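Remarks on the structure that follows.
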């Protein structure tokens with residue numbers, strides 16, 4: 321606080337790999353008292369994760385992996401005026417103050433335009449929610465990532481999004497002085513393939529993409545996962561930003577750093593944890609979505625209103641759930657201000673969980689609430705009858721029935737969650753024709769399985785969950801049959 325009260329604080333960020341190599345080059349060995357450990361690289365990772373919240377209090381962060389000291393000094397000089405302008409009369413607090421717990425976020429009194437900060441060991445980055453951001457994308461990138469000046473920007477999108485938003489985004493970037501190239505893959509889950517990744521590698525090679533250039537993922541979850549994986553692996557990692565254009569991508573896949581592609585044997589079997597440098601969510605793009613796709617996205621928002629989040633705050637979850645009940649009609653109608661505010665609040669839940677458990681070793685599994693039944697039904701329908709959010713909605717209802725059957729939650733919770741799911745136009749049962757045996761087989765292959773047992777995220781009520789692996793098979797089958805009836 322004393323530092324920010326009397327000046328500007330710039331965090332010079334670098335990846336753990338960069339820090340480790342720099343220390344080796346500096347002295348021939350990593351000989352630092354704080355790094356005395358059997359695995360010094362792991363120690364560096366752990367220290368970065370532990371200090372992330374403090375680093376996030378800086379007025380600005382510069383990623384120095386590919387910069388020499390002179391270039392770092394030049395970057396600081398370039399952004400000094402921006403820091404002054406953005407932090408005028410705000411000494412003593414960070415311009416990008418950390419993630420608020422959702423229980424403290426009041427929709428009526430809080431502007432949705434302020435950035436939400438996601439803190440992870442892989443980087444700290446802002447997430448913006450507002451309307452009409454695509455036309456300002458060049459200025460936004462200049463403001464938050466000034467080190468990208470004069471760099472080549474590579475947009476990865478799909479053919480539908482390119483038709484709807486591609487020209488506007490390219491114009492906004494070119495007006496800010498960027499060289500821009502765009503590749504549009506076929507729309508749909510089939511593009512999340514190693515074949516498509518290889519084609520994008522060929523494109524980047526032909527365009528001579530360098531490590532300091534920037535990839536922009538413009539589109540829904542498929543594009544975000546695909547472009548993020550390409551960014552994580554091209555030249556062993558180049559910066560990328562997420563510009564989600566679907567509700568599901570805004571509240572889920574664009575935040576948290578999960579990237580990946582599918583194999584014939586299953587979804588997301590090849591991937592990497594790789595955090596974006598910036599997420600820009602323009603809620604105006606939601607108006608271009610088909611009604612079914614827009615409704616599908618609200619399932620993840622409902623999920624974030626049921627789970628406790630990183631602070632395990634039941635009171636906060638109750639507030640979030642009640643606000644969804646209160647604003648359901650406005651959200652369904654697409655009112656941009658309240659949509660931006662609710663989405664920001666929802667993503668704050670995920671951001672808090674990811675900050676605690678970036679690689680899904682503990683708390684992060686709660687983000688899979690509703691996904692166990694949901695993924696099984698998606699797989700049993702060959703991924704062509706249910707949208708992901710529809711599967712999650714059915715899965716949340718199903719797991720509440722399972723929890724009630726086991727005596728862990730009451731009928732009041734089951735009914736209250738059921739009503740909210742229905743109010744957002746989401747299904748409570750699967751379409752006809754899905755084979756129960758195939759769905760049961762898919763359950764056993766679920767990525768949340770451990771040592772052959774499915775880990776169930778069971779609701780005890782709003783803001784209260786329990787993770788169990790000892791669920792009777794008969795109870796699961798009975799609930800599954802109800803979801804298929």
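Residue numbers (our numbering): 321 to 805.
C-beta: ideal position from N, C-alpha, C; glycine also.
All values derive from a computational prediction rather than experimental measurement.
Taking the alpha-carbon positions, what's the residue i to residue j distance?
i           : j           : result
residue 592 : residue 446 : 20 angstroms
residue 517 : residue 553 : 10 angstroms
residue 384 : residue 508 : 36 angstroms
residue 648 : residue 555 : 45 angstroms
residue 493 : residue 562 : 15 angstroms
residue 675 : residue 438 : 7 angstroms
residue 355 : residue 331 : 20 angstroms
residue 548 : residue 719 : 31 angstroms
residue 338 : residue 345 : 11 angstroms
residue 590 : residue 486 : 28 angstroms
residue 660 : residue 654 : 10 angstroms
residue 366 : residue 677 : 12 angstroms
residue 424 : residue 391 : Confidence in residue 424 is poor, its pLDDT being 34 and thus under 50, which makes the residue's placement unreliable; the coordinate value appears in the next sentence. Approximately 40 angstroms between the Cα atoms of the pair.
residue 598 : residue 582 : 25 angstroms
residue 707 : residue 613 : 7 angstroms
residue 560 : residue 596 : 5 angstroms
residue 787 : residue 527 : 48 angstroms
residue 704 : residue 751 : 11 angstroms
residue 499 : residue 473 : 6 angstroms
residue 460 : residue 389 : 25 angstroms
residue 643 : residue 468 : 39 angstroms
residue 685 : residue 454 : 33 angstroms
residue 328 : residue 394 : 16 angstroms
residue 738 : residue 693 : 16 angstroms
residue 452 : residue 379 : 25 angstroms
Among the residues of its own chain, which have a CB less than 8 angstroms from the CB of residue i, if the five just before and after it don't count?
i           : result
residue 357 : 363
residue 558 : 529, 530, 531, 532, 533, 534, 535 and 551
residue 728 : 778, 779, 780 and 786
residue 634 : 628, 781, 782, 783 and 784
Could you tell me whether the Cβ atoms of residue i and residue j are closer together than 9 angstroms?
i           : j           : result
residue 360 : residue 375 : no
residue 638 : residue 782 : yes
residue 645 : residue 743 : yes
residue 666 : residue 621 : yes
residue 442 : residue 577 : yes
residue 579 : residue 481 : no
residue 695 : residue 762 : yes
residue 616 : residue 568 : yes
residue 571 : residue 546 : no
residue 463 : residue 603 : no
residue 689 : residue 626 : yes
Between which two residues does the beta strand (DSSP E) carrying residue i extend?
i           : result
residue 490 : That residue, residue 490, is in no beta strand (DSSP E); its alpha helix (DSSP H) goes 487-495.
residue 562 : 560-564
residue 504 : 499-505
residue 676 : Run containing residue 676: none in the beta strand (DSSP E); it sits in the alpha helix (DSSP H), 656-676.
residue 513 : That residue, residue 513, is in no beta strand (DSSP E); it is neither H nor E in DSSP.
residue 450 : 443-450
residue 438 : 436-440
residue 332 : 330-333
residue 785 : 784-788
Skipping 5 residues on each side, what residues in its chain have a beta carbon closer than 6 angstroms to that of residue i?
i           : result
residue 503 : 476 and 523
residue 619 : 709, 712, 713 and 746
residue 624 : 666 and 669
residue 683 : 673, 676 and 677
Could you give the first and the last residue of the continuous alpha helix (DSSP H) run that contains residue i?
i           : result
residue 577 : Careful: residue 577 lies outside any alpha helix (DSSP H) and carries neither H nor E.
residue 616 : 611-626
residue 761 : 756-764
residue 635 : 634-653
residue 686 : It is not in any alpha helix (DSSP H) - residue 686 carries neither H nor E in the DSSP assignment.
residue 714 : 708-725
residue 796 : 793-804
residue 539 : Unbroken run through residue 539 is the beta strand (DSSP E), 534-539; no alpha helix (DSSP H).
Does DSSP put residue i in a helix, in a strand, or in coil?
i           : result
residue 592 : strand
residue 732 : helix
residue 557 : coil
residue 418 : For residue 418, the predicted structure reports a pLDDT of 34, less than 50, and the residue's modelled location is therefore unreliable. A value from the coordinates is still provided. Reduced to three states, the DSSP call for residue 418 is coil.
residue 778 : strand
residue 527 : coil
residue 474 : strand
residue 702 : coil
residue 602 : strand
residue 773 : strand
residue 582 : strand
residue 381 : strand
residue 356 : coil
If you drop the 5 nearest sequence neighbours on each side, which residues of the same chain put their C-beta closer than 7 angstroms to that of residue i?
i           : result
residue 721 : 734, 799 and 802
residue 532 : 386 and 471
residue 755 : 700
Hey, would you say the C-beta of residue i is under 8 angstroms away from at least one heavy atom of the ligand GTP?
i           : result
residue 382 : As presented, the structure is devoid of all ligands, the ligand GTP included, so that no description of it is given.
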